[in-house]
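Those letters in the sequence shown? Residues 341 to 583, by my numbering. Step one of this worksheet: look at the structure below.
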Amino acid sequence: MEKQTGNTRFMQTFVSTDCVIFGFDRNQLHVLLVERNTLSANEGHLKLPGSLIYQEEDADSAAARVLSELTGIKKMVLKQFKSFTSLQRTSNPADTLWLQQEYHNQIDRLITIAYLSICKIDRKLHTVSKYKKVVWYPVSELPSLPFDHNQIVEEALQAIRNWGEHEPSILFGLLPTKFTASALRHLYEAVYHKKCDVRNFQKKMAGMEYVIPLEEKEQRVAHRAARLFRFDRILYKKRNVSI
341 MEKQTGNTRF MQTFVSTDCV IFGFDRNQLH VLLVERNTLS ANEGHLKLPG SLIYQEEDAD
401 SAAARVLSEL TGIKKMVLKQ FKSFTSLQRT SNPADTLWLQ QEYHNQIDRL ITIAYLSICK
461 IDRKLHTVSK YKKVVWYPVS ELPSLPFDHN QIVEEALQAI RNWGEHEPSI LFGLLPTKFT
521 ASALRHLYEA VYHKKCDVRN FQKKMAGMEY VIPLEEKEQR VAHRAARLFR FDRILYKKRN
581 VSI
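Shown next, in the form of structure tokens:
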């Protein structure tokens with residue numbers, strides 16, 4: 341009888357997490373990218389931060405580890421939004437070569453579970469990760485990224501829009517503690533990718549009882565100083581409202 345060597349329909353499949361971390365600056369959404377290490381003399385490509393899931397981890401723990409090592413922040417808002425399972429994820433020879441060099445394994449197929457997070461862009465990052473370069477990059481100017489990372493960012497944009505619709509408080513995590521009305525309007529324009537009428541947005545903002553006007557104005561600005569506001573999370577939770 342011929343000896344069976346296993347079902348050849350099965351592939352050497354690994355599971356990873358990839359994290360899309362959004363920041364907001366200069367009226368634009370940014371995403372945090374890292375430069376992947378390479379044995380090639382050529383410059384490494386920017387990519388989303390991520391990792392294979394370790395044996396002792398579940399997906400949430402792996403994503404939390406990636407964010408903690410990358411930013412130094414122990415507790416960050418983290419939302420799983422989609423899995424990416426296409427066979428074409430590892431169709432680029434440069435990507436498969438990098439995987440082999442990075443993880444010392446033959447990886448025929450890579451499934452990734454994508455997570456979404458936010459971070460104030462001016463927060464100092466204390467990275468202890470293996471990545472030599474960590475950079476905020478405008479979403480509107482993203483270069484071609486490895487694997488399907490451009491698609492993952494696009495899906496993350498839709499995810500944060502949906503998240504913001506159901507839980508508006510999440511968007512305030514992208515703003516400074518004190519912000520202007522125009523900064524909040526520009527944030528909504530960047531997230532939802534559409535212009536907001538100034539008057540209509542002012543009315544909308546007036547209905548947000550959890551956005552508190554302060555007796556303070558902008559400092560050291562060339563234009564007329566605008567009034568500052570703050571987000572009251574306690575009041576927001578009491579109201580339990582949606583925009």
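Built from N, CA and C at the ideal position, the CB exists for glycine as well. A quick note: this is a predicted structure, and the numbers were derived from the prediction, not measured.
Please report the residue range of the alpha helix (DSSP H) in which residue i lies.
{"i": "Phe541", "result": "538-546"}
{"i": "Phe519", "result": "No alpha helix (DSSP H) contains Phe519, which is instead part of the beta strand (DSSP E) from 518-520."}
{"i": "Arg449", "result": "Note, Arg449: premise wrong, no alpha helix (DSSP H); beta strand (DSSP E) at 449-458."}
Could you tell me which residues DSSP puts in a beta bridge with residue i?
{"i": "Phe569", "result": "Phe519, Pro553"}
{"i": "Glu375", "result": "Leu386"}
So, helix, strand or coil for residue i, using DSSP?
{"i": "Phe512", "result": "helix"}
{"i": "Ser582", "result": "Reliability fails at Ser582, whose pLDDT of 48 lies under 50, so the model's placement of it is uncertain and the value that follows must be treated cautiously. Coil at Ser582, not helix or strand."}
{"i": "Ile492", "result": "helix"}
{"i": "Asp462", "result": "coil"}
{"i": "Thr436", "result": "helix"}
{"i": "Gln368", "result": "strand"}
{"i": "Tyr471", "result": "coil"}
{"i": "Leu575", "result": "helix"}
{"i": "Ala562", "result": "coil"}
{"i": "Leu482", "result": "coil"}
{"i": "Gln307", "result": "Here the chain has residues from 341 to 583 only, and residue 307 is not among them."}
{"i": "Glu505", "result": "helix"}
{"i": "His533", "result": "coil"}
Which residue marks the beginning of the beta strand (DSSP E) containing residue i, and which one marks its end?
{"i": "Tyr477", "result": "474-478"}
{"i": "Val592", "result": "No answer is possible for residue 592: it lies beyond the span of the chain, which begins at 341 and ends at 583."}
So with Cβ pairs under 8 Å, would you call residue i a contact of chain B?
{"i": "Ser423", "result": "In summary, chain B is missing from the structure at hand, where a single protein chain is found."}
Is the segment 425-439 close to the segment 492-511, with three or more CB pairs under 8 Å?
Cβ pair count under 8 Å is below three, so no.
Note down, one range per segment and in chain order, each alpha helix (DSSP H) of at least 4 residues found wholly within the segment 388-429.
Unbroken alpha helix (DSSP H) runs of no fewer than 4 residues, entirely contained in the segment 388-429, are found at 399-411, following chain order.
Would you call the segment 417-427 in contact with the segment 475-486, where contact means no fewer than 3 C-beta pairs closer than 8 Å?
Result no; under three Cβ-Cβ pairs closer than 8 Å.
Validate contact between the segment 425-437 and the segment 457-475 using beta carbons, cut 8 Å, 3 pairs:
Short answer: they don't touch.
So, do the segment 394-402 and the segment 366-375 have three or more beta carbon pairs nearer to each other than 8 Å?
No, they do not touch.
Stretch-stretch touch, CB-based, cutoff 8 Å, three pairs: the segment 360-367 with the segment 519-538
The way I'd put it, the segment 360-367 does touch the segment 519-538; three or more beta-carbon pairs between them come closer than 8 Å.
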